[in-house]
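Colleague: Before we start, here is the structure in question, set down as structure tokens.
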Amino acid sequence: MRACSFRRLAAVVCAAAVCAGLAGCAAGGPASRTDFFMSTLVTQQAYGPRAEKALAQAADTLREWETRLSLYEEDSDVCRINAAAGVQPVQVSEATAVLLAQAKALAQTTDGAFALTVAPITLAWGVRSGSPRVVPPEECAALAALVDDSALQLTQNTAFLSKEGQGLDLGGCAKGAALDAVADVYEKEGVQSAVVSLGGNVYARGTKPGGRPWRVGFRDPSKGDDASLASIELTDAVMAVSGDYERYFEQDGVRYGHIMDPAAGAPAQSDIVSVGVVCATGLEADIRSTELFVRGKAAALRYFEAGGMGMMLCEDGVLYVSRSLKNGFELAPGVQADVQFVG
Numbered sequence: 194m195r196a197c198s199f200r201r202l203a204a205v206v207c208a209a210a211v212c213a214g215l216a217g218c219a220a221g222g223p224a225s226r227t228d229f230f231m232s233t234l235v236t237q238q239a240y241g242p243r244a245e246k247a248l249a250q251a252a253d254t255l256r257e258w259e260t261r262l263s264l265y266e267e268d269s270d271v272c273r274i275n276a277a278a279g280v281q282p283v284q285v286s287e288a289t290a291v292l293l294a295q296a297k298a299l300a301q302t303t304d305g306a307f308a309l310t311v312a313p314i315t316l317a318w319g320v321r322s323g324s325p326r327v328v329p330p331e332e333c334a335a336l337a338a339l340v341d342d343s344a345l346q347l348t349q350n351t352a353f354l355s356k357e358g359q360g361l362d363l364g365g366c367a368k369g370a371a372l373d374a375v376a377d378v379y380e381k382e383g384v385q386s387a388v389v390s391l392g393g394n395v396y397a398r399g400t401k402p403g404g405r406p407w408r409v410g411f412r413d414p415s416k417g418d419d420a421s422l423a424s425i426e427l428t429d430a431v432m433a434v435s436g437d438y439e440r441y442f443e444q445d446g447v448r449y450g451h452i453m454d455p456a457a458g459a460p461a462q463s464d465i466v467s468v469g470v471v472c473a474t475g476l477e478a479d480i481r482s483t484e485l486f487v488r489g490k491a492a493a494l495r496y497f498e499a500g501g502m503g504m505m506l507c508e509d510g511v512l513y514v515s516r517s518l519k520n521g522f523e524l525a526p527g528v529q530a531d532v533q534f535v536g
């Protein structure tokens with residue numbers, strides 16, 4: 194059994210930050226800050242007289258979201274909801290209740306490819322832990338039977354899973370939601386030009402000084418940690434990227450990634466290497482990218498053809514890009530790739 198190391202994950206995230214133009218700044222340039230939240234590096238860059246204050250407040254906000262949404266911290270809202278599944282409602286922050294309601298509504302549009310109640314599957318496979326295992330088929334079926342987001346009952350400040358044995362895992366949407374919270378901080382502090390990288394998600398606010406859009410990189414995982422395949426222009430939007438190349442383990446020649454297929458009760462086996470989706474909000478971008486990875490290439494192509502914005506690298510080596518991103522799309526210097534525009 195072989196697992197992806199934390200050192201490799203950190204290097205991957207650093208490379209993504211460089212692709213997004215977040216490697217630092219010269220004297221007199223933008224304010225910048227790097228932290229570690231949600232098991233990944235977070236790099237912010239912002240312009241304006243209140244930029245440093247905004248970055249500090251955004252970091253505090255991310256720390257709060259991490260505390261609320263962790264699957265592994267006993268005092269988090271998520272863990273307390275899971276511990277009381279089938280027993281009683283749990284008091285949660287209003288922010289958590291709002292997020293759960295929004296995520297539940299979006300999950301209902303994914304044909305079952307994204308679900309909030311996949312914690313039993315996540316914990317059984319242990320891909321994010323130090324002791325992953327291959328779960329036998331009969332156990333996978335039992336785990337899949339526990340996935341039912343309709344059992345999540347919400348009020349303004351309580352959450353309740355009505356079925357014993359169920360559990361929430363917000364790993365497929367927490368980072369996107371956290372970026373939306375960061376956007377709210379920037380808005381409150383009057384920051385009009387900023388970019389933040391949180392794992393595979395990048396939020397671009399406004400434009401760079403001078404009016405040029407932010408440029409965000411899209412990696413080719415097979416070419417090394419610092420290999421940018423292409424980039425797009427991004428303004429007032431989030432690009433979320435999903436793939437199984439950062440957190441996974443291998444056994445008997447099969448790779449098992451951290452993205453779970455709710456219907457299978459197991460890690461998704463996708464013909465997509467990496468898929469990025471661009472949306473106005475981080476929550477939707479995160480959920481859509483997870484959904485498309487689980488559903489696969491054909492579903493992602495239909496999404497692009499219907500007007501959805503994004504790009505994906507598939508096992509066939511083709512880079513598919515939604516036509517709506519064509520004007521700001523560039524291959525990285527020296528890169529040759531089979532690029533097909535869709536839509």
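So in my numbering, spot 115 of the sequence shown is number 308, and the numbers just go up one at a time.
Just so it is clear, CB atoms sit at the ideal spot from N, CA and C, and this is done for glycine as well.
Please check the pair Thr310 and Asp342, which I expect to be a contact at CB under 8 angstroms, by giving their CB distance rounded to whole angstroms.
Modeller: 5 angstroms
Colleague: Among Ser390, Val280, Asn394, whose alpha-carbon lies nearest the alpha-carbon of Ala344?
Modeller: When C-alpha distances from Ala344 are compared across Ser390, Val280, Asn394, the shortest belongs to Val280.
Colleague: Take Ser286 as the anchor and find which of Thr302, Leu262, Glu266, Glu380 has the nearest alpha-carbon.
Modeller: Leu262
Colleague: Is the stretch 431-440 in contact with the stretch 458-468, if contact means three or more CB pairs nearer than 8 angstroms?
Modeller: yes
Colleague: Between which two residues does the alpha helix (DSSP H) harbouring Arg481 extend?
Modeller: 475-488
Colleague: Starting from the Cα of Gly360, find the closest Cα among Ser324, Ala493, Leu339 and give me that residue.
Modeller: Ranking Ser324, Ala493, Leu339 by Cα distance to Gly360 puts Leu339 first.
Colleague: Rounded to whole angstroms, what's the CA-CA distance from Gly503 to Gln284? Just pull it up for me.
Modeller: 37 angstroms
Colleague: My parser needs the beta strand (DSSP E) runs of 3 or more residues fully inside the stretch 335-403; what are they?
Modeller: 345-347, 351-354, 386-391, 394-398
Colleague: Given Gly536, which residues of its chain have a CB within under 6 angstroms of its CB, disregarding the five upstream and five downstream residues?
Modeller: Phe497, Glu498, Ser515, Arg516
Colleague: Where does Glu245 fall in DSSP's three states?
Modeller: helix
Colleague: Nearest CA to the CA of Gly393: which residue from Leu476, Phe353, Thr315?
Modeller: The shortest Cα separation from Gly393 among Leu476, Phe353, Thr315 belongs to Leu476.
Colleague: Just the C-alpha distance for Ala423 and Cys507, rounded to the nearest angstrom, thanks.
Modeller: As the crow flies, the alpha-carbon of Ala423 is around 14 angstroms from that of Cys507.
Colleague: For Val431, does the three-state DSSP call read helix, strand or coil?
Modeller: strand
Colleague: Mapping the DSSP letters down to three states, classify Asp531 as helix, strand or coil.
Modeller: strand
Colleague: Just mark Glu331 as buried or exposed, buried being the case when its beta carbon has 16 or more other beta carbons within 10 Å.
Modeller: exposed
Colleague: Between Leu427 and Trp407, how many whole angstroms is the CB-CB distance? I'm expecting something under 8 angstroms.
Modeller: 5 angstroms
Colleague: How big is the Cα-Cα spacing for Ala216 and Lys297?
Modeller: Confidence is the limiting factor: at Ala216 the pLDDT is only 36, short of 50, which leaves the residue's position unreliable and the question unanswerable from this model.
Colleague: Where does Val327 fall in DSSP's three states?
Modeller: coil
Colleague: Exposed or buried, what is Arg547 when buried is set at 16 or more other beta-carbons lying within 10 Å of its beta-carbon?
Modeller: This structure does not reach residue 547, given that the chain is present from 194 up to 536, and the question cannot be answered.
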